[in-house]
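One structure is given here, and the rest of the page talks about it.
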Amino acid sequence: MDYARGMRRLLPILLLSACDTPGTFGTDLFGTQDTLDPNEAAMIADLEREPELEATTPPERELAKVPTLPSSTWIQVFDRSARIAHRIHDDGRYTVQFGEGEAQEMPIISRSAPERRELSDDARTRILDALEAVRFPSMAPHITEVEQPPSEGVMVVQLHPMAITVRNPETGIVHTVHAKADVRVAETFGPLSPLWQTLDDEIFGRWLEAAVAGAATSPPG
Numbered sequence: 005m006d007y008a009r010g011m012r013r014l015l016p017i018l019l020l021s022a023c024d025t026p027g028t029f030g031t032d033l034f035g036t037q038d039t040l041d042p043n044e045a046a047m048i049a050d051l052e053r054e055p056e057l058e059a060t061t062p063p064e065r066e067l068a069k070v071p072t073l074p075s076s077t078w079i080q081v082f083d084r085s086a087r088i089a090h091r092i093h094d095d096g097r098y099t100v101q102f103g104e105g106e107a108q109e110m111p112i113i114s115r116s117a118p119e120r121r122e123l124s125d126d127a128r129t130r131i132l133d134a135l136e137a138v139r140f141p142s143m144a145p146h147i148t149e150v151e152q153p154p155s156e157g158v159m160v161v162q163l164h165p166m167a168i169t170v171r172n173p174e175t176g177i178v179h180t181v182h183a184k185a186d187v188r189v190a191e192t193f194g195p196l197s198p199l200w201q202t203l204d205d206e207i208f209g210r211w212l213e214a215a216v217a218g219a220a221t222s223p224p225g
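If you count the sequence shown from 1, you need to add 4 to reach the working numbering.
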């Protein structure tokens, strides 16, 4: 009984000792001098020679193709990464379309006429003036990216590939200009900045977000 009890105590120690010596478990424990199978030895050698896999950068999301301007649309602003199309129609309506979904009609948020839901004649004139000021029909199809520090209240400038398409109301000619810009920071649109600011004032209403944020941080008068 003492002998059996001693062997039971000794066996775990032998197992632990054998495991502490990598690659020698079989020979140490059972006293055999057998070598590894040739196939196993070759496989281990191949694994040791295999170079470490380099970390690969995940592929960027493919940019969406700019949609063809519908016949009823005057201006289209398309985010090619988010796949969102903002459209101002000839009759003054404003719609937004997400991907392949149905376009949804949205109210404009005009600084000059906040009570209106559709584009006024005066607002249309101001947009036409802005298009003329930036010489949109003659602009190059791609604008060089503008490096800008974060604007006041914007912690990180996030550039998106934007495409602005406009149909000339007189000639019917369609022209598209591409820019990497942050819709919150008009300056990132470079030479298109005056046009973007006008579109924001007359339609998109981001000016309202800035006004509300400013009012929230201003001390009571």
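Every residue, glycine too, gets a C-beta built ideally from N, C-alpha and C. Computed from a predicted model, the values in this text were never measured in an experiment.
- Under the three-state reduction of DSSP, residue 94 is assigned to coil, being neither helix nor strand.
- At the C-beta level, residue 185 and residue 150 come within 9 Å of one another.
- With a contact defined as Cβ atoms closer than 8 Å, residue 202 and residue 112 miss out at about 13 Å.
- Beyond the five residues adjoining it in sequence on each side, residue 163 comes within less than 8 Å, by CB distance, of 149, 184, 185, 186, 192 in the same chain, given in chain order.
- For residue 183, the secondary structure class from DSSP, reduced to helix, strand or coil, is strand.
- Straight through space, the alpha carbons of residue 95 and residue 80 are spaced by roughly 14 Å.
- Here residue 67 is exposed, its C-beta having fewer than 16 other C-beta atoms within 10 Å.
- The C-alpha of residue 99 lies about 28 Å from the C-alpha of residue 160.
- In terms of Cα proximity to residue 170, the closest of 124, 136, 87 is 136.
- Burial state of residue 116 is exposed, judged by a 10 Å Cβ sphere holding fewer than 16 other Cβ atoms.
- Runs of beta strand (DSSP E) with 3 or more residues, each lying fully within the segment 114 to 155, are absent.
- In the DSSP assignment, residue 83 forms a beta bridge with 88, 166.
- Taking 9 Å as the cut-off, the beta carbon of residue 195 is found closer than this to the beta carbon of residue 147.
- Pairing residue 213 with residue 114 gives a Cβ-Cβ distance that is not under 9 Å.
- Counting only the Cα atoms, residue 120 lies some 20 Å from residue 200.
- Put simply, the backbone Cα of residue 122 is about 10 Å away from that of residue 109.
- Within its own chain, the residues whose Cβ lies closer than 6 Å to the Cβ of residue 168, once the five positions on either side in sequence are excluded, are 81, 181, listed in chain order.
- When only Cα atoms are considered, residue 76 and residue 172 end up about 12 Å apart.
- In this chain, the alpha helix (DSSP H) harbouring residue 197 covers 197 to 203.
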